[in-house]
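Quick note: the sequence shown uses the numbering used here, first residue 22, plus one each step. Structure, as structure tokens:
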Amino acid sequence: MLILTAGSLVLAFIINAFGRFEKRTLFMSLLVAFAAGSAAYHPAAWMNTLFLDTLGIEMNAVNLPRPSTAAYSAFVGINEEFLKCLITYLIIKDSNNYQTPLQGYVYAASAGLGFAVLENIYYLGGLNIQMLLMRLFISTPLHIVLALIWAAGINSAKFRGCGFLKCTAAYVFVSAALHGTYNYQAIYARTMGESAVKTLTVLAVTTVTAFFFIRHHKNR
């Protein structure tokens with residue numbers, strides 16, 4: 022628990038360093054981390070479980086059917102990324118502390134971190150130290166970087182005046198596809214080493230994708 026707490030605080034520090042620790046941005050960032058993270062996590066977890074029950078499979082079972090696992094991975098990606106994006110937007114869209122695109126990225130990243138922290142707490146009792154470290158160093162950064170992708174859509178909705186769904190749909194789809202790919206690779210890895218390599222690859226691709234979208238919007 023101490024390792025997860027320390028790691029999460031370091032990530033929060035890095036996120037807010039981009040906001041230069043400006044007081045109002047820092048306050049809003051912490052609010053979004055707790056509020057959006059919590060408000061998105063609980064319904065997302067419930068719907069993920071409901072989808073599993075609909076498929077009739079246990080995620081802790083071995084030799085899971087690949088089609089069912091692919092469907093579940095895709096659903097988790099869409100479900101979690103859309104909820105994080107929607108709730109973050111609803112919290113920040115009319116705030117006086119949301120005046121620049123950079124703030125949008127900081128708040129989205131904070132929402133991703135808050136969501137990941139709650140996931141880590143949920144998994145705390147059922148994972149060994151190696152898996153917890155993988156969640157801290159791979160899964161948690163992934164949630165943050167995925168949020169940076171749909172943050173570009175949130176910024177468009179805020180500063181370009183287009184509707185929320187119109188502006189964010191494509192970005193949510195991309196982040197959901199990457200999220201689903203991550204889940205699928207993690208489930209079907211045969212060893213810890215294979216899981217680390219595959220999920221790190223997805224994290225690297227996601228980071229490059231987020232950087233591309235951020236640069237693209239900066240130059241528009």
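C-beta: ideal position from N, C-alpha, C; glycine also. Just so we're clear, the structure is a prediction, and the values are computed from it rather than from any experiment.
| Check | Outcome |
| --- | --- |
| Distance CB(V53)-CB(T121) smaller than 8 Å | no |
| Buried versus exposed, by CB contacts within 10 Å (16 or more), R156 | buried |
| Collapsed DSSP secondary structure at E228 in the structure displayed | The displayed chain sequence assigns Thr, not Glu, to residue 228. Helix. |
| A65 - DSSP class collapsed to helix/strand/coil | helix |
| Contacting residues, own chain, Cβ-Cβ under 7 Å from L30 (five flanking each side not counted) | none |
| Beta-carbon gap between W171 and Y143 smaller than 8 Å | no |
| CB contact flag (A197, G40, <8 Å) | no |
| Three-state class that DSSP yields for C183 in the structure shown | coil |
| Spatial distance of V195 from K105 (CA atoms) | 14 Å |
| Environment of F245 [buried if 16+ CB atoms lie within 10 Å] | Any question about residue 245 goes unanswered here, given that the chain covers just 22 to 241. |
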